[in-house]
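Protein chains in written order, with the numbering used here: chain A, 1 to 498; chain B, 1001 to 1696.
The C-beta atom is built at its ideal place from N, Cα and C for all residues, glycine as well.
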Amino acid sequence: MLAWTIYLSFAGALACLLMPRANPRATRAVALGTALAGLFCALAGALQFKPINGLEVVTHVRWIPALGIDFSLAADGISVTLVLLTGIAAVAGVLFSWNVEHRTNEFFAFFFALIGGVYGVFLSLDLFLLFVFYEIAIVPKYFLIAIWGSTRRDYAAMKLALYSFIGSGMVLIGMLAAYAVSGLASFDLQTLAQFSFTPEFQRWAFPLVFVGFAILAGMWPFHTWAPTGHSAAPTAASMLLAGVVMKLGAYGCLRVAMTLFPEGLKMWQHELAALAVTGIVYGALVALVQKDFKFVIGYSSVSHMGFVLLGLAALNIVGWSGAVLQMFSHGIIAGLLFGVVGRMVYDRAHTRELDKLEGMGLMRAIPFAAVTFVIAGFASMGMPGFSGFIAELQVLIGAWQAFPKLAILAGVGIVVGVVYTLKTTAKVFFSDKTEAAESHHDHHAHELEPISVQERLGAALLILCTVIVGLHPRLLLDLIVPSFQSPLFDGLRKAAGL
Amino acid sequence: MSFILQNLWLIPVLPLLAAGISALLKRPNRSLAAGLAIGSMGASFLLSCMAFAATHGKHGAASRQAHNFDWFALGDTVVRLGWVLDPLTAAMVVMITFVGSLIFIFSVGYMSHDENFTRFFCFLSLFAAAMLGLIIANNLLLLFMCWELVGLASYLLIGFWFHKPSAAAAAKKAFITTRIGDVFFFLGIVWLYSETGTLLFYDSGRGCLEQDALAKMVAHTTIGGLAASSAIGLLLFCGAIGKSGQLPLHVWLPDAMEGPTPVSALIHAATMVAAGVFLVARVYPLMEMQQAGVSEPIPLTAVTWIGALTAIFGALVAVSQTDIKRILAYSTVSQLGYMMMGLGIGGVAVGMFHLLTHAFFKALLFLGSGSIIHGCHEEQDIRRMGGIQKFMPVTFATYAIGMMALSGVPLVFCGFWSKDEILHSAWHYGPSKIPFFLGLGGAFLTAFYMTRQMCFVFAGKYRGGHDAAHDDHGHSHSHGGAHSHDPHESPAVMTLPLQILAACTVLLTLVSTPLWPWLPEYLLGEAAHVDAAKLFNAGTLTLLVVSGVVVAGGIGLGWWFYGLLPAEKPDEKDPLEQQFPEQFAWSRGKFFVDELYAATFVKWNARLGELCHDLDRCVLDLLVSIVGWTTTGCAHVAKLFDEFVVNKLFDAGCGEVRRGAEAASELQGGQIHQYLRSIGVALILFVFILAVGCNK
Chain A
1 MLAWTIYLSF AGALACLLMP RANPRATRAV ALGTALAGLF CALAGALQFK PINGLEVVTH
61 VRWIPALGID FSLAADGISV TLVLLTGIAA VAGVLFSWNV EHRTNEFFAF FFALIGGVYG
121 VFLSLDLFLL FVFYEIAIVP KYFLIAIWGS TRRDYAAMKL ALYSFIGSGM VLIGMLAAYA
181 VSGLASFDLQ TLAQFSFTPE FQRWAFPLVF VGFAILAGMW PFHTWAPTGH SAAPTAASML
241 LAGVVMKLGA YGCLRVAMTL FPEGLKMWQH ELAALAVTGI VYGALVALVQ KDFKFVIGYS
301 SVSHMGFVLL GLAALNIVGW SGAVLQMFSH GIIAGLLFGV VGRMVYDRAH TRELDKLEGM
361 GLMRAIPFAA VTFVIAGFAS MGMPGFSGFI AELQVLIGAW QAFPKLAILA GVGIVVGVVY
421 TLKTTAKVFF SDKTEAAESH HDHHAHELEP ISVQERLGAA LLILCTVIVG LHPRLLLDLI
481 VPSFQSPLFD GLRKAAGL
Chain B
1001 MSFILQNLWL IPVLPLLAAG ISALLKRPNR SLAAGLAIGS MGASFLLSCM AFAATHGKHG
1061 AASRQAHNFD WFALGDTVVR LGWVLDPLTA AMVVMITFVG SLIFIFSVGY MSHDENFTRF
1121 FCFLSLFAAA MLGLIIANNL LLLFMCWELV GLASYLLIGF WFHKPSAAAA AKKAFITTRI
1181 GDVFFFLGIV WLYSETGTLL FYDSGRGCLE QDALAKMVAH TTIGGLAASS AIGLLLFCGA
1241 IGKSGQLPLH VWLPDAMEGP TPVSALIHAA TMVAAGVFLV ARVYPLMEMQ QAGVSEPIPL
1301 TAVTWIGALT AIFGALVAVS QTDIKRILAY STVSQLGYMM MGLGIGGVAV GMFHLLTHAF
1361 FKALLFLGSG SIIHGCHEEQ DIRRMGGIQK FMPVTFATYA IGMMALSGVP LVFCGFWSKD
1421 EILHSAWHYG PSKIPFFLGL GGAFLTAFYM TRQMCFVFAG KYRGGHDAAH DDHGHSHSHG
1481 GAHSHDPHES PAVMTLPLQI LAACTVLLTL VSTPLWPWLP EYLLGEAAHV DAAKLFNAGT
1541 LTLLVVSGVV VAGGIGLGWW FYGLLPAEKP DEKDPLEQQF PEQFAWSRGK FFVDELYAAT
1601 FVKWNARLGE LCHDLDRCVL DLLVSIVGWT TTGCAHVAKL FDEFVVNKLF DAGCGEVRRG
1661 AEAASELQGG QIHQYLRSIG VALILFVFIL AVGCNK
């Protein structure tokens, strides 16, 4: 069932491309159908999920036997969690791009090519296949930004593509080195994970592969592609970029770099954690002084992804499961934030400058957007009752066991997170500058079109997800935690002394 | 398991349901929203009384019962949540639901003109739910979750009139300031979990407040020679500092008065701000763990000193304020300091006792001030009031009772006894007598500033009438009529809660004197009995007299300054200002703590943000650009190389080849004799080479 998510998405991409250009409505319907079908497959797969030893093999076909490359798909609880996230993000993304009129069919074709690649990465058990899907996911990103983007889109698209490809290059070198050094003539992740590479090899191969992936996860100091990319991208692309593409990077770190080179993680653990915490605090601080609404959210993503990396570096199960949960949680919340900023506010107000938005009385004009943003803001700052709280709690508990001082610094990042979220909320939605300008606001308010049904549905879907997981985290944690018992993580568990 | 223990969760869930339903209501459904909120609070009150009955009469360990259940897996362990029923819980829920119900009823009158009436009751119910959840939680994590929800509700309610920029700013400030404390609290939770592996308070021997876990924590020495228990205790106390407006995080509480007055009464006087005090009381077994080599438990010492300093600080600032609600706000800060001091010195019963009595009379005072503000057409400046007792007799009488309870007028007011209990234990505090004198000074100032406020508001003649035109709130028009400029008494829906609270303030006295200290003993889970000897031993009586004299001094001095010659005009100089202009300026300026923070932390934070931003733009992006430029540069070099070197060589090479070909083609002339000659020469050469080769 899970494999169908991939096939359906690529089929959907093709179908969107073939739809008549003159009828964007039909294209949208096809797109929504594809996204819903993908989500349905993901849900069904999650419900039927029956792992053996923590892993469920989905498909296994010989592909290039001479090189030991297989088309092999498998899922553990981590994959299932992230596939679910992708399904949700895809549906919300389609709902929030209902107003794309310019070359609609190409837009959705790229959209689903990206989604298909992402599903593929999360389900691949073969390293080479994973890499192929990883590259497939990167290319449409470039086009989505370069064609449908806004501010400085060429620059942003190019920057994003360059960063991604440099990362891929590093991963590729590490991957081929591992293939050659192991001498197993196999790209199968399970086989490679069983092989113990020499510590000398791991010492350089681990950082190479980890950083290669972590570039896409927005690791400081390789994060600057993220804010520019997010801001230039069209709404749906920002949602996917922050929602799932950044998770590709983090997932790669966990699935490839950490499982293949567990000793390497142990050697570089403290450096990585320091970079992660720097990202948390730094991202939050920079978000504080941004003047562009989307840049605030973009930098907040850098900050939140820092928690993922911190959890991964903690080298204990609490930290890892927190990191995976944070991937899910941030995917949902960042999607929601970008949805509000990009679709609800920018498409109506046609500006993202905080100073200009301040005078518009948006609370009166589009109260739904204001309420959604307040909820998303509180979720993002880790309020209990939302998924982010459980995730950050686990990451901090995990980090506390490994490096207490850094955990305290991460706490500082949380405070700054509160400050920039509330500051931005107050500025954009709740400041009616003067009583005198009131009439002007009301006049302006009428110009803004009301929030559409699709936007409401998309926002409701995302809010529902973060609240359900926040109140009943077992839904996902019961999937995630047993995954770490699978043979894939044998080496990692040994390195962690578990 | 008893019925009430099993259904204790209903106490917070009923208001939560009310909040959920009223969130879906449309604006015009006013009476339904108010009815739901008040009804759910009433039902919770009944349940609370059952909870109270269940704990009453049980002593020692039997007075505490807990119910726990699984929530989610954390790593390889399971996080369990639960609730606990003990005297502390029962007393708090009874107080909150009772005072809360009265404040809800009051709000029906106070908010009657507000267009967002329905939303107001939704938020109030949400707050009540979170607060009650916080009280019954048997898990530090659950407590923290409710704690944050309470903060959220407070944020929403302070900023309820968000169209006022000051209200929006105050809401933001309140949330951020308390959140600073919360982060330390959160880290304390994380640490506690790492130490004990559980966050349940009581879990039949395995909870983190029970013997095994405590012994483990106290034995574990960490940074700076602190035992883990002390360090965690201090971190948890940081959360309490933020929530309860203690120094140095008190700055948000006075600003929070921008919210509607019932909110100030419920959240920023009676319940939420007391949550910090409650937290310290809840984790008291942890706070009082004594590590080896230190004479007093370190967290409690911190609690004591912060409390004592806050008590005197709040009182000093309250002396010079002119906004009726701000005076009460600083008084709250000061009284919370007393509670903390009571906890630090005298234990749970002393601190909680003052918390409970304070909740009643401070709610009374805030609601009274609300009634005054409502009656004076949204005027909050006490200099523009005066002579109001003529217009508002009920408010005046009840306010006077609240004022006397707060000032600590002896014998018939509960505030006197609870404050005396704190001073009494402070007198016997081993390490230092300073907290006692700070407390006594605070008591004197409290009596003084409350008298000042009473004189300004009620004595003399009304000073606000003629220039009330500056009051441009749409609100006041609705009162209409010929007397629109004169204050008017509030409707019964507002004065009735005042009377009930006033009655309680007096009646509580019956159960709280040292003669029959039923309430404090109940909180400790001990049986109280009439003991006349207690009243007369260990200097109790002396202390009663001393504090009585101090209060009388404060009131007398206040009367002498403000009561003898009530102010005539709103813009008159304060009599105290004429005497001590410099000190008065410090007090009026709230010791400039806000300005200090603005000049330091707020600015530094912004600077740091700018710095990081610049780092991103100028260094990291520059690096990226340099890489880009280098690549482009290399490309250009490569291009030039191609054009001038490779191409040249290529062309040159091609030329060579062509020339060679031309030369070769010349050889192919088609003339047979030439071919033959060539072959002949070649043959000869071949043979020659072979011959030379074979001879070797």
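Run through DSSP, which three-state label would D188(A) get?
-> For the purposes of this step, residue 188(A) is taken as the residue at position 188 of the first sequence. If DSSP states are grouped into helix, strand and coil, D188(A) belongs with the strands.
Put Q290(A) into one of helix, strand or coil per three-state DSSP.
-> Stepping through the first sequence from its first residue, residue 290(A) is reached at position 290. If DSSP states are grouped into helix, strand and coil, Q290(A) belongs with coil.
Roughly how many angstroms separate the alpha carbons of V1546(B) and G1415(B), rounded to a whole number?
-> For the purposes of this step, residue 1546(B) is taken as the residue at position 546 of the second sequence. For the purposes of this step, residue 1415(B) is taken as the residue at position 415 of the second sequence. Rounded to the nearest angstrom, the two C-alpha atoms are 16 Å apart.
Limits of the unbroken beta strand (DSSP E) element including A60(A) | Counting from 1 along the first sequence, the entry for residue 60(A) is found at position 60. The sequence given here has His at residue 60(A), not Ala. Here the beta strand (DSSP E) through H60(A) covers 56-64.
Between the region 1318-1336 of chain B and the region 1578-1588 of chain B, do at least 3 Cβ pairs fall closer than 8 Å?
-> yes
Would you say L396(A) and A410(A) are within 8 Å of each other, going by their C-beta atoms?
-> Here residue 396(A) is taken as the residue at index 396 of the first sequence, counted from 1. Here residue 410(A) is taken as the residue at index 410 of the first sequence, counted from 1. Result yes, Cβ atoms of L396(A) and A410(A) sit closer than 8 Å.
At least one CB of chain B closer than 8 Å to the CB of A407(A): is that the case?
-> Taking the first residue of the first sequence as 1, we reach residue 407(A) at position 407. Chain B, which has a Cβ nearer than 8 Å to the Cβ of A407(A), makes this yes.
Closest by CA to L1010(B), which one among S1031(B), K1026(B), L1046(B)?
-> By one-based count along the second sequence, residue 1010(B) stands at place 10. Minimum Cα distance to L1010(B) is reached at L1046(B).
Cβ shell of R1463(B) (< 6 Å), same chain only, five flanking positions each side left out | Here residue 1463(B) corresponds to residue number 463 of the second sequence, with the count starting at 1. Same-chain partners within the cutoff: R1384, G1386, P1570.
Using the beta-carbon of each residue, which ones in chain B are nearer than 9 Å to R474(A)?
-> What you label residue 474(A) is simply residue 474 of the first sequence in a count that begins at 1. Within 9 Å Cβ-Cβ: D1070, W1071, F1072, A1073.
Quick one: is S387(A) near chain B, going by C-beta distance under 8 Å?
-> Counting from 1 along the first sequence, the entry for residue 387(A) is found at position 387. It does not: the Cβ of S387(A) has no partner Cβ on chain B nearer than 8 Å.
Taking the beta strand (DSSP E) that G1082(B) falls in, what are its first and last residues?
-> For the purposes of this step, residue 1082(B) is taken as residue 82 along the second sequence, with counting starting at 1. Start and end: 1077-1085.
For M383(A), go through chain B and note every residue whose CB falls closer than 8 Å to its CB, in chain order.
-> For the purposes of this step, residue 383(A) is taken as the residue at position 383 of the first sequence. E1148, L1149, L1152, listed in chain order.
Can you give me the Cβ contacts of L1279(B) inside the same chain, cut-off strictly under 7 Å, excluding the 5 residues immediately before and after it?
-> Residue mapping note: residue 1279(B) aligns to position 279 of the second sequence, counting from 1. Excluding sequence neighbours, L1279(B) sits near L1236, G1239, A1240.
Please state whether DSSP places D1182(B) in a helix, a strand or coil.
-> The residue given as residue 1182(B) occupies position 182 in the second sequence. If DSSP states are grouped into helix, strand and coil, D1182(B) belongs with the helices.
Reduced DSSP category for Q1065(B) - H, G, I as helix; E, B as strand; rest coil | The residue you call residue 1065(B) lines up with position 65 of the second sequence. Q1065(B) falls in the strand class under three-state DSSP.
Chain B residues whose Cβ lies nearer than 9 Å to that of L189(A) | Within the first sequence, numbered from 1, the residue matching residue 189(A) stands at position 189. Ordered by position in chain B, no residue passes the 9 Å Cβ test against L189(A), which lies about 24 Å from the chain.
Go to S502(A), then tell me how far its beta strand (DSSP E) extends in each direction, as first and last residue.
-> In this structure chain A extends from 1 to 498, so residue 502(A) is not present and cannot be described.
Distance, Cα to Cα, P1491(B) vs A1231(B)?
-> On the second sequence, residue 1491(B) is found 491 positions in, with the first residue counted as 1. On the second sequence, residue 1231(B) is found 231 positions in, with the first residue counted as 1. Distance between the alpha carbons of P1491(B) and A1231(B): 52 Å.
Below-8 Å beta-carbon distance, K294(A) vs any chain B residue | For the purposes of this step, residue 294(A) is identified with residue 294 of the first sequence, where counting begins at 1. Answer no: the Cβ-Cβ gap between K294(A) and chain B never drops below 8 Å.
Length of the line joining the Cα atoms of V80(A) and W320(A) = On the first sequence, residue 80(A) is found 80 positions in, with the first residue counted as 1. On the first sequence, residue 320(A) is found 320 positions in, with the first residue counted as 1. About 15 Å.
Would you verify that the beta carbon of L479(A) is, or is not, closer than 8 Å to some beta carbon of chain B?
-> Start at 1 with the first residue of the first sequence, and residue 479(A) comes out as number 479. Answer no: the Cβ-Cβ gap between L479(A) and chain B never drops below 8 Å.
Would you tell me roughly how many angstroms separate the C-alpha atoms of W1161(B) and F1201(B), rounded to the nearest one?
-> Residue mapping note: residue 1161(B) aligns to position 161 of the second sequence, counting from 1. Residue mapping note: residue 1201(B) aligns to position 201 of the second sequence, counting from 1. Each residue's alpha carbon lies about 39 Å from the other.
So which residues on chain A does D1621(B) lean against when the C-beta distance must stay under 7 Å?
-> Counting from 1 along the second sequence, the entry for residue 1621(B) is found at position 621. Going along chain A in sequence order, the residues near D1621(B) (Cβ under 7 Å) are T224.
Closer than 8 Å, Cβ to any Cβ of chain A: which residues of the region 1578-1606 of chain B, in chain order?
-> N1605, A1606
For Y142(A), decide whether its Cβ has a neighbour in chain B, counting only Cβ atoms nearer than 8 Å.
-> By one-based count along the first sequence, residue 142(A) stands at place 142. Chain B contact via Cβ: absent.
Establish whether the CB of S329(A) and some CB of chain B are separated by less than 8 Å.
-> To locate residue 329(A), count along the first sequence from 1; it is residue 329. Judged by the 8 Å Cβ criterion, S329(A) is not in contact with chain B.
Beta carbon proximity, W148(A) to chain B, threshold 8 Å | As a first step, residue 148(A) is located in the first sequence; it is residue number 148 there, counting from the start. No, no contact with chain B.
Option in D1086(B), S1040(B), L1036(B) with minimal Cα separation from H1059(B) = In the second sequence, counting from the first residue as 1, residue 1059(B) sits at position 59. Checking every option, the nearest Cα to that of H1059(B) belongs to D1086(B).
Could you tell me whether any Cβ in chain B is nearer than 8 Å to the Cβ of W268(A)?
-> One-based indexing of the first sequence puts residue 268(A) at position 268. No, W268(A) does not count as interfacial toward chain B.
Does I397(A) get closer than 8 Å to chain B when you measure Cβ to Cβ?
-> For this step, residue 397(A) is matched to residue 397 along the first sequence. Answer yes: the Cβ-Cβ gap between I397(A) and chain B drops below 8 Å somewhere.
Beta-ladder partner(s) of A956(B), from DSSP | Nothing can be reported for residue 956(B): it is not among the residues displayed for chain B, which extend from 1001 to 1696.
Does the Cβ of C1122(B) have 16 or more other Cβ atoms within 10 Å, making it buried, or fewer, making it exposed?
-> Here residue 1122(B) refers to the residue found at position 122 of the second sequence. Per the 10 Å Cβ criterion, buried.
What residues match up with F1072(B) in a beta bridge as DSSP calls it?
-> Residue mapping note: residue 1072(B) aligns to position 72 of the second sequence, counting from 1. Per DSSP, V1079(B).
Under 8 Å by Cβ, that's how I've got V83(A) and T5(A) pegged, so tell me the actual separation to the nearest angstrom.
-> Taking the first residue of the first sequence as position 1, residue 83(A) is located at position 83. Taking the first residue of the first sequence as position 1, residue 5(A) is located at position 5. Right, the Cβ-Cβ distance comes to about 6 Å (below 8 Å), so this counts as a contact.
Endpoints, the alpha helix (DSSP H) within which L1140(B) is located = Here residue 1140(B) is taken as the residue at index 140 of the second sequence, counted from 1. Residues 1140-1158.
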